[in-house]
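Notes to accompany the following structure.
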Amino acid sequence: MRDLLAQRLPLLLASAEGCALSALLLHLLGVGGAPTAFICLVLFVPVAVCCGVEAYTRSRYYRHLARVLGELDRKSLLPQLMEEPPFAEGRFWKEVLAACGKSMNDQIDRRAVEAREYQEYIETWVHEVKTPIASLLLSVEGGRQPDPAAVRREAERIDGYVEQALYYTRSGAPEKDYAIRPVSLRQLTADALKKNAPLLIESGARVRSEGLDRTVYTDAKWVVFILGQLFQNAAKYRGEEPLSLSLRGEAGAEGVSLSVGDRGVGIPPRDQGRVFEKGFTGENGRAFARSTGMGLYLCATLCKKLGMGIRLESRVGEGTCVTLTFPKGSYHLAGGEAGETR
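If you use the UniProt record's numbering, the sequence shown corresponds to residues 1 to 342, in order.
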């Protein structure tokens, strides 16, 4: 309470000074001592009483607040348990604490959801990666000579799962691990095709390309991973026919786009609005192969982080086309250089 009264000391001093000036003026006007004292008391006492009452009210409220805080195990619950302060400044700070508490609780809820989703993904991932591992172990069981092609295929499946898990882990903050540089669409697609060559060869892939002599500003490593996910989906859902891929680049008002199309089974209309959701497998994922539902989710997440657009169009029985849009300009270009996308 002493500190609260000290805060009101300037007001009390100003009131006392006003009383002194009033007394001097009344003396000069010939007013007697008793009336002058009465007038000074009328001017000063209400101010002093108000300051004292306010200090007592605040002190009582703050002591109660400190007692409640001391009894709480979870201090973050204080805004919900605070009584309504009997003064305006207290009500303001109560609203501030409530807003801060809500923001913190929302962040905790998001982290809890992310942790649960990560756990679910890891459980699914472990189940998935066990399949090629079991296949490899079976191939060498009983001292048999394993088929090199089969071993390579299963090893590449394991490598793909490990890479996906790595990118999933990094997707929360890819800005810590990317460098934006100029690169041609032809180089990006060539690197992605080379990296996924065994799968594409096994799928009997035929690749058509056009308009790839365009330069974009992006992180090549991340985009090659995105393209790899699209190629793997195209191979997985190609149906009974050999894989047919079309790669087409073109410039537009929003930037340079790269379309990856196939002639696979296509995606049912009811699933198309959810294909970029985390863990969504849809009808195709259940019918053709077990899926983690993470490939397109990672593509969408990384595109957003890199400032790129992504959209999907599909017709059942005709195929699917995914278009990546690279924005104009070269923000975050390594070395601080600037330029425009050609």
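We treat Cβ as the ideally placed atom computed from N, Cα and C, and that holds for glycine.
These numbers were taken from a predicted model, which means no experiment stands behind them.
Check residue i in the structure and name its three-state DSSP category.
i	result
Pro242	coil
Phe44	helix
Lys102	helix
Ala334	Because Ala334 carries a pLDDT of 41, less than 50, the predicted location of this residue cannot be relied on, and no value is offered for it.
Lys75	helix
Asp109	helix
Gln145	coil
Thr281	coil
Val129	helix
Arg153	helix
Pro85	coil
Phe38	helix
Leu21	helix
Leu29	coil
Leu306	coil
Val140	coil
Arg274	coil
Gly52	helix
Pro268	coil
Ser171	coil
Gly70	helix
Gly160	helix
residue 348	Limits of the chain in this structure are 1 at one end and 342 at the other, which puts residue 348 out of reach.
List the residues that DSSP assigns as beta-bridge partners of residue i.
i	result
Ala251	Val256
Cys321	Gly261, Glu313
Pro327	Gly255
Answer with buried or exposed for residue i, where buried requires no fewer than 16 other C-beta atoms within 10 angstroms of its C-beta.
i	result
Asp219	buried
Pro148	exposed
Ser76	exposed
Gly336	Note that Gly336 scores a pLDDT of 39, beneath 50, so its modelled location is shaky; the value from the coordinates is reported in the next line. Counting Cβ neighbours within 10 Å, Gly336 comes out exposed, since fewer than 16 surround it.
Arg263	buried
Cys50	exposed
Pro132	buried
Ala14	exposed
Gly231	Correcting the residue type first, residue 231 is Phe in the shown sequence and not Gly. So Phe231 ends up on the buried side.
Gly317	exposed
Arg157	buried
residue 397	In the structure as shown, the chain begins at 1 and stops at 342. Residue 397 is therefore absent and cannot be evaluated.
Phe326	buried
residue 412	The structure shown has nothing for residue 412, since the chain only spans 1 to 342.
Val96	exposed
Gln164	buried
Ala338	Summary for Ala338: the model assigns pLDDT 36, below 50, so the residue's position carries little reliability; its value from the coordinates is reported in the next sentence. It counts as exposed.
Gly228	buried
Val256	buried
Gly249	buried
Leu298	buried
Tyr167	buried
Leu138	exposed
Thr169	exposed
Phe92	exposed
Gly319	buried
Verify the contact flag: residue i, CB atom, against every heavy atom of the ligand FAD, threshold strictly below 7 Å.
i	result
Val129	In the structure on display, the ligand FAD does not appear, and there are no ligands present to speak of.
Segment contact, 8 Å Cβ cut-off, at least three pairs: the region 120 to 130 with the region 96 to 112: Touching, no.
Measuring CB atoms only, is the region 52 to 71 touching the region 86 to 98, in the sense that at least three cross pairs come out at less than 8 Å? yes
Going along the chain, which unbroken runs of the beta strand (DSSP E) with 3 or more residues stay wholly within the region 176 to 242? Complete beta strand (DSSP E) runs here, min 3: 181 to 184, 206 to 210, 215 to 218.
Would the region 194 to 202 and the region 255 to 271 be scored as touching if the rule is three or more Cβ pairs under 8 Å? no
Could you tell me whether the region 303 to 311 touches the region 213 to 229, using the rule of 3 or more Cβ pairs below 8 Å? yes
Could you tell me whether the region 267 to 281 touches the region 238 to 246, where touching means 3 or more Cβ pairs closer than 8 Å? no
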